[in-house]
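Novice:
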Amino acid sequence: MFQAQVTFDLNMMVTTPGKERDEHEWRNIFMAAGFRHNKTRPVLGFLSIIELYP
Numbered sequence: 001m002f003q004a005q006v007t008f009d010l011n012m013m014v015t016t017p018g019k020e021r022d023e024h025e026w027r028n029i030f031m032a033a034g035f036r037h038n039k040t041r042p043v044l045g046f047l048s049i050i051e052l053y054p
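Residue 23 in UniProt numbering sits at position 23 of the sequence shown; the count goes up by one each step and never skips.
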């Protein structure tokens, strides 16, 4: 599973101008967009679902 995560991360950083964000950075983005509550749930390996509430 670790190798899949590393491959996924490297692919994202090489093929897009994106970056990996930590939970604190996501929370700041959500707050700036007007979402006051959020919940993060792991679903499969390194993937998660983020729920946002106004």
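We put the beta carbon where it would ideally sit given N, CA and C, even for glycine. None of these values were measured; they are calculated from a predicted model.
Counting along the chain, where does the alpha helix (DSSP H) carrying Glu25 start and finish?
Specialist: Locating residue 25 in the sequence shown gives position 25, where the first residue counts as 1. Taken as a continuous stretch (DSSP letters only), the alpha helix (DSSP H) holding Glu25 covers 23–32.
Novice: Whose C-alpha, out of Arg41, Leu47, Glu51, Leu52, is nearest the C-alpha of Glu20?
Specialist: For the purposes of this step, residue 20 is taken as the residue at position 20 of the sequence shown. Looking at the Cα atoms, Leu47 is the closest of the given residues.
Novice: Run through DSSP, which three-state label would Thr40 get?
Specialist: Locating residue 40 in the sequence shown gives position 40, where the first residue counts as 1. Residue state, collapsed to three classes: strand.
Novice: Can you give the Cα-Cα distance for Phe8 and Ile29, rounded to whole angstroms?
Specialist: In the sequence shown, residue 8 corresponds to position 8, counting from 1. In the sequence shown, residue 29 corresponds to position 29, counting from 1. If I take the Cα positions, the gap works out to 22 Å.
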